[in-house]
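A quick write-up on the structure given underneath.
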Amino acid sequence: MMELTHNHLPIHLTNLAQRYGNIYRLTCGNTTMVVLNSSELIREALVKKWSDFAGRPASYTADIVSGGGRTISLGDYNEEWRAQRRLVHSALQRCCQQSLHGVIERQALHLRKVLLQYQGTAVDLSEDFTVAASNVITTLAFGKEYDKSSLELQELHSCLNEIVALWGSTWISALDSFPLLRKLPNPVFARLLKEVARRDGIIRKHLNNYKMQDKKDEEAITASLLHGLDAHQNVENGALLTDVHVHMATVDLLIGGTETTAAWLNWTVAYLLHRPEVQTKVYEELCTVLEGRYPQYSDRHRLPVLCSVISEVLRLRPVAPLAVPHRAIRDSSIAGYIIPKNTIIIPNLFGAHHDPAVWADPHAFKPERFLKGGGGTTRALIPFGGGARLCLGESVAKMELFLFTAYLLRDFQFLLPESGASLPDLKGVASVVLKIQSYTVIALPRPMTNP
Ligand code: HEM
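According to numbering that gives the first Met the number 0, the sequence shown is numbered sequentially starting from 0.
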């Protein structure tokens, strides 16, 4: 239990791998956890033996935040979950093809406007990144975007962040391990219930508003999901999916798609402050290849330096560092070790990305390792997990990371507040999402950026 209370769990679990090897077991009460610390082991479990390890651990509190296990991220592997994931996956794919590019471009241009308004003063950009990432998801989900000052947006973010933070607290996880505690008054748990109710109220309002609109945005994911539900009613197992699944899938997209992308953008700017010459190289590449125009996602193959930065930040700071715990749904094995049914599997993506057997100088920020002859391989990168539980938003995220970064670095040079100011701390604060500690930066418009 003590091993799991370290304040930067991904680093601690990675250090344990140096002592015990890339696969080891932790026991906490009657729960057995197996931690995987290399991409080879993680691929064996999540991809090669996906059908053995696609489950999620059940818990009292997970049930509460996931509407009885009806979110995709926390739902266990069963027929209902498969139908829900398929439904959301095809809705996302449809909107990736139809509207995603335009939605991200619009938010990137809006972000540019916001940064220009700062007029070169030192600011913390984390909230602006969160609003941009969140607007991509809310536009995709129900055709709605918000301003940073919007009370509705602030309410949505505050309750989603509260839920993630409260759920990670010891007062809440103790309820899973010690059922007797559930009978005692617990103000933290009461707050969690209140925030879950608040979240559900907000989402319900949005979905109802959407349903009542005369002129619906038919490109929105909600439209595809509701049409998909209708289709499900007609098949043999008619009521497998209901409005609750659409509701909880919307929660999944909002939680999964906001803080991850925003955290990654914060990491990227911070790393570029540490190595300004890399920022210059990306800018020069953008100028040469694009000849002044804004990039399209299809330009990525012609922008290797930019792509190498994206890969290197994903390697060093995978924003979901321990993925989400998996559960063995039958007896199986990993690397020849017997893994009994119900063992919890923790894929330590952070550890795999720092494995010295795979990465030379694993702690250094060296995007050039991903360029021709640099020795790095994207095959060993697994920031989105893999197999049946591969991040559902991978395609959305990849387009966002590329377009947001390309737009930002085309238009701005990121600088430290003043010469001699200390560089951002790169250790990070690890919870479900690995975030950087807040820092300030100057976004200086590049010459070709016309205000
Ligand atoms: C840099 C951006 C992102 C990263 C690095 C990331 C990474 C991950 C990882 C590691 C997992 C867990 C996989 C596992 O359990 O093995 C995950 C799950 C998930 N992600 Fe993402 N994610 C990102 C962005 C997004 C976005 C933009 C969305 C939504 C549009 C999203 C939605 C989800 C959902 C719904 C799940 C649960 C999948 C399941 O349990 O089947 N993620 N993500």
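Just so it is clear, CB atoms sit at the ideal spot from N, CA and C, and this is done for glycine as well. Small disclaimer: the values here were computed from a predicted structure and weren't measured.
>> Given the structure, does D251 come close to the ligand HEM, in the sense that its CB is under 6 Å from one of the ligand's heavy atoms?
In response: At least one heavy atom of the ligand HEM lies less than 6 Å from the C-beta of D251.
> How many angstroms separate the CA atom of L400 from the CA atom of L389?
Replying inline: CA-CA distance, L400 to L389, rounds to 17 Å.
> Hey, would you say V268 sits closer than 7 Å to V432, going by beta carbons?
Replying inline: Not a contact, by the Cβ cut-off of 7 Å.
> From V122 to S89, what does the alpha carbon distance come to, in whole angstroms?
Replying inline: Distance between the alpha carbons of V122 and S89 is about 39 Å.
> Contact check, L35 vs E2 under 8 Å by CB: the rounded distance?
Replying inline: About 15 Å; that fails the 8 Å criterion.
>> To test your reading of the DSSP string, which unbroken alpha helix (DSSP H) runs of 4 or more residues are found completely within the stretch 16–104?
In response: With a minimum length of 4 residues, the continuous alpha helix (DSSP H) runs that stay inside the stretch 16–104 are 38–42, 49–52, 59–64, 78–94.
> From what residue to what residue does the beta strand (DSSP E) around I381 run?
Replying inline: Careful: I381 lies outside any beta strand (DSSP E) and carries neither H nor E.
> Residues in its own chain within less than 8 Å of G119 by CB, not counting five upstream and five downstream?
Replying inline: Within the same chain, G119 has close Cβ partners I441, A442, L443, P444.
> Any C-beta of chain C sitting closer than 7 Å to the C-beta of Q295?
Replying inline: Of the protein chains in the structure, only one exists, and it is not chain C.
> If we ignore side chains and look at the alpha-carbon of each, how far apart do Y19 and C27 end up?
Replying inline: Taking the straight line joining both Cα atoms gives about 17 Å.
> When we look at the beta-carbon of D127 and count the other beta-carbons within 10 Å, is it buried (16 or more) or exposed?
Replying inline: Buried, because 16 or more other Cβ atoms sit within 10 Å of the Cβ of D127.
> Would you call S297 buried or exposed, if buried means 16 or more other Cβ atoms sit within 10 Å of its Cβ?
Replying inline: That one is exposed.
>> Do I202 and T249 have their beta-carbon atoms positioned less than 7 Å apart in this structure?
In response: Their beta carbons are under 7 Å apart, which means T249 touches I202 by this criterion.
> For D410, which option in H362, P294, R299 has the closest C-alpha, if you only look at C-alpha atoms?
Replying inline: Between D410 and the set H362, P294, R299, the nearest pair of CA atoms involves P294.
> Sorted by chain position, which residues of the same chain lie with C-beta nearer than 6 Å to S133's C-beta, five sequence neighbours on each side aside?
Replying inline: Within the same chain, S133 has close Cβ partners T257.
> Under 7 Å between the Cβ atoms of P366 and V277?
Replying inline: Between P366 and V277, the gap from beta carbon to beta carbon is short of 7 Å.
>> Excluding the 5 residues flanking V102 on each side, which residues of the same chain have their C-beta closer than 7 Å to its C-beta?
In response: If we look at V102 and ignore the five residues flanking it on each side, its Cβ neighbours are V135, T138, L139.
> Helix, strand or coil: how does DSSP classify V432 here?
Replying inline: In the three-state DSSP reduction, V432 falls in the coil class, being neither helix nor strand.
>> On the CB-based measure, 16 or more other CB atoms within 10 Å of its CB, does M0 come out buried or exposed?
In response: A residue is called buried once 16 or more other Cβ atoms fall within 10 Å of its Cβ, and M0, having fewer, is exposed.
> Are there three or more Cβ pairs, one per stretch, closer than 8 Å when the stretch 172–189 is compared with the stretch 142–162?
Replying inline: Touching, no, given that fewer than three Cβ pairs across the two stretches are closer than 8 Å.
> DSSP on Q153, reduced to helix/strand/coil?
Replying inline: Q153 falls in the helix class under three-state DSSP.
> When the distance is taken between beta carbons, is E284 closer than 7 Å to L302?
Replying inline: Yes, the pair counts as a contact, with Cβ atoms nearer than the cut-off.
> Taking C-beta to C-beta, are D458 and G142 nearer than 7 Å?
Replying inline: No information on residue 458 is available, as it lies outside the stretch 0 to 450 that the chain covers here.
> Across which residues does DSSP place F411 in a beta bridge pair?
Replying inline: In the DSSP output, where bridge partners are listed per residue, F411 has P444.
> Is I71 near the ligand HEM, going by C-beta to nearest heavy atom under 6 Å?
Replying inline: Because some heavy atom of the ligand HEM lies under 6 Å away, the Cβ of I71 counts as near it: yes.
> Can you pull the DSSP bridge partners for P186?
Replying inline: Answer by DSSP bridge pairing: none, since P186 is not bridged.
> Are there three or more Cβ pairs, one per stretch, closer than 8 Å when the stretch 357–371 is compared with the stretch 323–341?
Replying inline: As far as the Cβ criterion goes, the stretch 357–371 does not touch the stretch 323–341, which means the pair count is below three.
>> If you measure between the beta carbons of I435 and W266, is that distance less than 7 Å?
In response: In this structure, W266 lies closer than 7 Å to I435 by Cβ.
>> With distance defined between alpha-carbon atoms, name the residue in L348, G374, S72, P355 nearest to L40.
In response: Checking every option, the nearest Cα to that of L40 belongs to L348.
> Can you name, in chain order, every residue of its own chain whose Cβ lies under 6 Å from the Cβ of G54, other than the five neighbours on each side?
Replying inline: Answer for G54: D75, Y76, R326, I328, listed in chain order.
> At which residues does the alpha helix (DSSP H) containing Y270 begin and terminate?
Replying inline: Where Y270 is concerned, the enclosing alpha helix (DSSP H) stretches over 242–273.
> How big is the Cα-Cα spacing for R105 and E218?
Replying inline: Counting only the Cα atoms, E218 lies some 16 Å from R105.
> Cβ of W49 within 6 Å of any heavy atom in the ligand HEM?
Replying inline: Flag unset: Cβ of W49 not near the ligand HEM.
>> V357 and A322 - do their beta-carbons sit closer together than 7 Å?
In response: Taking a C-beta distance under 7 Å as the contact criterion, A322 and V357 do not qualify as a contact pair.
> For V243, which residues from the same chain have a beta carbon less than 7 Å from its beta carbon, with the 5 sequence-adjacent residues on both sides left out?
Replying inline: Answer for V243: G66, R69, listed in chain order.
> DSSP on H325, reduced to helix/strand/coil?
Replying inline: Strand, per DSSP.
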